[in-house]
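*Asks:* Dropping a structure here in structure tokens format, bear with me for questions.
Protein chains in written order, with the numbering used here: chain P, 7 to 469; chain B, 7 to 469.
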């Protein structure tokens with residue numbers, strides 16, 4: 007069986023090489039194929055003879071093996087055009103998502119990223135925790151579909167009336183969002199979002215077939231008067247927001263607005279999906295408690311992720327809700343991917359309950375403060391004509407307003423030509439933007455690079 | 007900050023304790039709270055005073071801290087009834103999924119499981135691979151959203167014309183299915199499924215808003231004549247099947263039917279979603295190549311998972327398709343959970359490209375053969391009056407036909423009373439079952455337990 011597998015691999019390899027090379031091209035030698043596929047020379051020779059018999063290869067004893075003249079002709083070009091009919095119209099918003107997740111090319115200055123820079127990630131601690139977890143045979147077993155009870159209990163701390171059993175562990179915050187929009191609303195329903203807001207949430211809501219209606223936010227977070235108006239006008243049963251250090255605009259819902267927002271949601275018989283993505287990313291002061299702490303009757307669905315706080319590879323988040331909504335979420339999560347890998351759950355729990363966790367958060371806060379201040383300094387220095395962004399008190403981003411009439415997408419392109427990656431403001435709006443903006447990330451580069459990045463951005467703005 | 011956090015933790019802890027205990031209950035001492043939350047005695051005392059000021063606690067100097075009489079009254083029972091209006095009707099099929107994923111209680115005989123038994127999992131090898139991967143700082147970084155190129159190339163081997171770039175790595179096969187039904191069809195569309203078929207696919211298709219129409223399969227797999235009729239009658243553009251060792255019925259699509267099935271799908275301008283879940287679970291002979299190898303024009307969407315072949319915790323699968331369908335899938339996967347954890351991807355690649363992989367597959371084949379034969383023997387011995395199931399040539403399950411008129415769900419309940427877990431046949435059908443069945447898993451218990459389990463099942467059938 008092992009030999010059969012090896013033969014299949016060699017054949018696969020040679021077929022691919024023959025299909026991808028012009029007739030007459032030399033193919034790897036028996037010796038090379040033997041090493042590459044851990045196959046015996048007999049197996050390799052047999053594979054070559056089989057393909058020669060098919061007319062795909064020419065073997066020339068003493069010289070080697072070559073792509074046969076007819077090989078190219080033997081593989082007709084596939085006709086995939088029928089797929090357009092079968093698939094129908096393409097969903098919107100996917101381009102922005104792939105831009106969001108594109109890995110910056112080496113040598114570029116990343117002023118756009120959703121994650122902590124490598125230097126800020128506790129990779130050694132996480133690595134040790136995962137290595138320990140990996141070696142527990144029990145961690146490879148199937149646990150409860152909703153995730154480890156102890157890890158859910160950790161997420162339930164500080165989440166108001168939510169208990170461990172109200173939560174389900176998810177492979178990251180995006181997974182939780184995608185499921186939540188589908189579980190808590192039906193295609194054609196309206197979802198309200200603060201505006202601007204996280205584009206991954208916009209895309210997930212649209213993919214769920216929802217009508218996305220923006221509710222403007224200002225420096226004090228979403229405007230309760232407009233939220234009330236939108237709830238009344240649309241009959242929406244779901245409102246998505248990031249009350250703390252919102253992505254991209256950085257504002258935190260002001261203390262005076264918190265109770266009003268909850269009251270409007272309550273009065274409308276609606277859910278508030280609280281995406282508490284930046285709980286561990288406070289810079290200037292300890293963060294306020296999440297809105298869910300003020301929720302008496304199960305209106306707030308609460309989402310928190312460790313991916314932003316630790317490293318992209320620690321894909322562990324949790325979403326919680328009381329009552330039927332919680333049951334609906336947990337059932338939908340199971341359909342979406344069963345459960346999260348046991349070793350990752352165990353490593354996450356070990357990390358957040360160890361002394362390394364508060365140490366990491368302290369170091370992170372200091373580093374984010376340094377970088378945020380460096381970015382704001384650089385903006386004041388190199389872009390003195392622009393309104394300086396309001397100071398983000400946490401999170402990873404500053405929200406830079408461009409001059410009226412500027413084209414944020416064109417500026418992004420001009421910056422890319424100068425090897426600086428920024429994110430345009432437009433995709434963060436569910437409808438027309440109020441003004442052109444750029445989102446500038448301060449977490450993904452050290453201070454000196456931030457300065458150079460803004461310097462080049464200033465030049466790009468003159469283009 | 008640390009002290010503030012500690013204070014918040016102590017307050018949270020005491021609030022929870024007060025909410026969950028009757029008035030007069032004694033709460034933990036200052037000393038206990040100091041140790042539990044790594045907080046200073048001053049911080050703990052301050053937290054207790056704050057809650058006493060709220061009227062939640064009574065402090066009795068020299069005696070301790072107690073839940074105040076008014077505390078219970080201070081927390082009104084939440085009113086969650088409004089949620090029923092906001093959420094609307096409940097989706098069907100969720101109960102079967104939770105039964106599928108329930109972890110059997112200790113002491114029961116598991117004749118139902120979707121995964122290999124602990125004894126058959128290569129936990130030590132996987133653990134070593136993941137421990138190595140965890141210690142590479144780079145593996146915690148963000149890689150390409152579609153997954154590692156080398157791992158995708160591994161999945162592309164033996165998958166016909168599909169190349170690495172046609173694949174996207176997913177956190178398990180269920181995630182791939184859930185995304186595929188949403189990406190390749192729109193709510194209200196019809197999807198055809200072989201019948202009976204994997205209930206997780208039925209549930210995911212229904213959750214995607216699809217109309218699920220069954221196409222009967224027999225011992226030679228799905229019937230091409232009925233597939234042609236169903237494609238013609240419904241206009242479906244998507245057909246889901248497991249051509250090899252289908253779950254639950256175990257049949258493999260006969261050689262004589264493969265080309266006909268592909269031809270019907272081609273003629274209808276439809277996609278065939280090939281769920282090759284049992285590629286590594288062949289028992290009696292090397293498996294036939296997947297259908298995708300005979301696909302010239304991008305009709306087959308190919309899904310393969312490592313979770314079934316290795317361990318539940320190795321949540322790594324891949325789904326691939328050419329042309330716009332592949333692009334659609336990759337874009338939808340990003341919306342659903344961004345990307346799969348780097349250390350898990352690296353561990354999976356290390357494992358499947360190491361000499362341990364073919365060794366594991368050989369050992370697995372031998373063990374599955376022993377267990378399958380033991381289960382079939384036990385059925386012949388203890389249930390001689392029933393038609394013996396046709397011999398599954400791979401996979402994890404046998405499909406036992408019950409006498410006409412038997413109630414498969416009642417039998418399942420009676421077996422559970424005798425501490426044997428089996429799965430009823432009904433949830434595996436998209437419509438009315440042709441006959442009552444049970445799905446009996448041979449992979450999840452050693453031979454002696456299989457015999458005892460079938461013995462008890464025979465008794466349950468007499469109940």
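Glycine included, C-beta positions come from ideal geometry on N, C-alpha and C. This structure is a prediction, so every number in the text was calculated from the model and none was measured.
With 16 other CB atoms within 10 Å as the buried threshold, where does residue 468 of chain P fall?
*Replies:* Residue 468 of chain P should be labelled exposed.
*Asks:* So residue 437 of chain P contacts chain B; which residues on that side make the cut at Cβ distance below 7 Å?
*Replies:* By Cβ distance, chain B contributes nothing, its closest Cβ being about 20 Å from residue 437 of chain P, past 7 Å.
*Asks:* Identify every residue that forms a DSSP beta bridge with residue 324 of chain P.
*Replies:* The partner list for residue 324 of chain P (beta bridge, DSSP) reads P:175, P:310.
*Asks:* If the criterion is Cβ atoms closer than 8 Å, does the pair residue 450 of chain P and residue 104 of chain P meet it?
*Replies:* Not in contact: residue 450 of chain P and residue 104 of chain P (Cβ atoms no closer than 8 Å).
*Asks:* Going by other Cβ atoms of all chains shown within 10 Å of its Cβ, with 16 needed for buried, is residue 325 of chain P buried or exposed?
*Replies:* Residue 325 of chain P should be labelled buried.
*Asks:* Please list, in chain order, the chain P residues whose beta carbon lies closer than 8 Å to that of residue 18 of chain B.
*Replies:* Chain P residues near residue 18 of chain B: 163, 164.
*Asks:* Between residue 32 of chain P and the rest of its own chain, which residues show a CB-CB distance below 7 Å, the 5 nearest in sequence each way excluded?
*Replies:* Contacts found: 70, 72.
*Asks:* Can a CB atom of chain P be found closer than 8 Å to the CB of residue 434 of chain B?
*Replies:* Chain P contact via Cβ: absent.
*Asks:* Give the secondary structure of residue 17 of chain B by DSSP, where H, G and I count as helix, E and B as strand, and everything else as coil.
*Replies:* In this structure, residue 17 of chain B counts as helix in the three-state DSSP scheme.
*Asks:* Hey, which unbroken runs of the beta strand (DSSP E) at 3 residues or more fall wholly within the segment 262 to 302 of chain B?
*Replies:* Here the runs fully enclosed are 277 to 281.
*Asks:* Does any residue of chain P bring its CB to less than 8 Å from the CB of residue 246 of chain B?
*Replies:* No, no contact with chain P.
*Asks:* Could you please give me the residues that DSSP links to residue 444 of chain P through a beta bridge?
*Replies:* Residue 444 of chain P pairs with P:406, P:430.
*Asks:* With burial defined as no fewer than 16 other Cβ atoms inside 10 Å of the residue's Cβ, what is the status of residue 28 of chain B: buried or exposed?
*Replies:* Counting Cβ neighbours within 10 Å, residue 28 of chain B comes out exposed, since fewer than 16 surround it.
*Asks:* Can you check the segment 48 to 106 of chain P for any alpha helix (DSSP H) of at least 4 residues that lies completely inside it and give the ranges in chain order?
*Replies:* 77 to 80, 88 to 93, all fully within the segment 48 to 106 of chain P.
*Asks:* Check this for me: beta carbons of residue 177 of chain B and residue 356 of chain B, under 8 Å apart or not?
*Replies:* Against a cut-off of 8 Å, the Cβ pair of residue 356 of chain B and residue 177 of chain B comes out as no contact.
*Asks:* Give me, in chain order, the residues of the same chain whose beta-carbon lies closer than 6 Å to that of residue 281 of chain P; leave out the 5 immediate sequence neighbours on both sides.
*Replies:* 248, 309, listed in sequence order.
*Asks:* According to a CB-to-CB cut-off of less than 9 Å, which residues of the segment 246 to 263 of chain B neighbour chain P?
*Replies:* Within the segment 246 to 263 of chain B, no residue qualifies.
*Asks:* Look at the alpha carbon of residue 350 of chain P and the alpha carbon of residue 108 of chain B, and state the distance between them as a whole number of angstroms.
*Replies:* Using only the alpha carbons, I get a separation of about 20 Å.
*Asks:* Would you list the one or two residues that DSSP bridges to residue 115 of chain P?
*Replies:* Paired residues: P:426.
*Asks:* How would you call residue 225 of chain B, buried or exposed, if buried means at least 16 neighbouring beta carbons within 10 angstroms?
*Replies:* When all chains shown are included, residue 225 of chain B counts as exposed.
*Asks:* Grab me the residues of residue 183 of chain B's own chain with a C-beta within less than 6 Å of its C-beta, minus the 5 sequence neighbours each way, in chain order.
*Replies:* Contacts found: 207, 210.
*Asks:* Could you name the residues that DSSP lists as bridge partners for residue 359 of chain P?
*Replies:* Answer is none; residue 359 of chain P lacks a bridge partner.
*Asks:* Closer than 9 Å by beta-carbon distance: list the chain B residues that pair up with residue 363 of chain P, in chain order.
*Replies:* Simply none; closest approach about 10 Å.
*Asks:* Below 8 Å on the Cβ atoms is my contact criterion, and I expect residue 230 of chain P with residue 266 of chain P to pass it. Report the Cβ-Cβ distance as a whole number of Å.
*Replies:* Residue 230 of chain P to residue 266 of chain P, Cβ: 4 Å. Contact.
*Asks:* To which residues of the same chain is residue 4 of chain P closer than 6 Å at the C-beta, ignoring the five residues directly before and after it?
*Replies:* A query on residue 4 of chain P cannot be resolved here, the shown segment of chain P reaching from 7 to 469 and no further.
*Asks:* How close, in whole Å, do the beta carbons of residue 153 of chain P and residue 91 of chain B come, if the pair is a contact with beta carbons under 8 Å?
*Replies:* Contact doesn't hold; Cβ gap of about 29 Å is too wide.
*Asks:* On the three-state DSSP scale, how would you describe residue 195 of chain B?
*Replies:* The answer is coil: DSSP assigns residue 195 of chain B none of H, G, I, E or B.
*Asks:* Under the rule that 16 or more other beta-carbon atoms within 10 Å means buried, what is residue 46 of chain P, buried or exposed?
*Replies:* It is exposed - the Cβ of residue 46 of chain P has fewer than 16 other Cβ atoms within 10 Å.
*Asks:* What do you get for residue 18 of chain B, buried or exposed, if any count of 16 or more other CB atoms within 10 angstroms of its CB means buried?
*Replies:* Classification for residue 18 of chain B: buried.
*Asks:* Tell me, to the nearest whole angstrom, how far the beta carbon of residue 198 of chain P is from that of residue 233 of chain P; I am working on the premise that it is less than 8 Å.
*Replies:* Residue 198 of chain P to residue 233 of chain P, Cβ: 7 Å. Contact.
*Asks:* Going along the chain, which residues of its own chain have a beta-carbon closer than 8 Å to the beta-carbon of residue 221 of chain P, five neighbours each way excluded?
*Replies:* Excluding sequence neighbours, residue 221 of chain P sits near 198, 199, 200, 201, 228, 229, 232, 233, 236, 245.
*Asks:* Which residue spans inside the segment 130 to 189 of chain P form an unbroken alpha helix (DSSP H) run of at least 4?
*Replies:* With a minimum length of 4 residues, the continuous alpha helix (DSSP H) runs that stay inside the segment 130 to 189 of chain P are 155 to 162.
*Asks:* Unbroken beta strand (DSSP E) runs of length 3 or more, entirely within the segment 203 to 266 of chain P: which are they?
*Replies:* The segment 203 to 266 of chain P contains these whole beta strand (DSSP E) runs: 217 to 224, 244 to 247.
*Asks:* For chain P, find out if any of its Cβ atoms is closer than 8 Å to the Cβ of residue 203 of chain B; answer yes or no.
*Replies:* So, not an interface residue.
*Asks:* Please compile the residues from chain B whose C-beta is within a distance smaller than 7 Å of the C-beta of residue 92 of chain P.
*Replies:* What residue 92 of chain P touches in chain B: 243, 275, 276, 277.
*Asks:* Count the other C-beta atoms from every protein chain shown that fall within 10 angstroms of the C-beta of residue 359 of chain B, then say buried if there are 16 or more, exposed otherwise.
*Replies:* Exposed is the call here.
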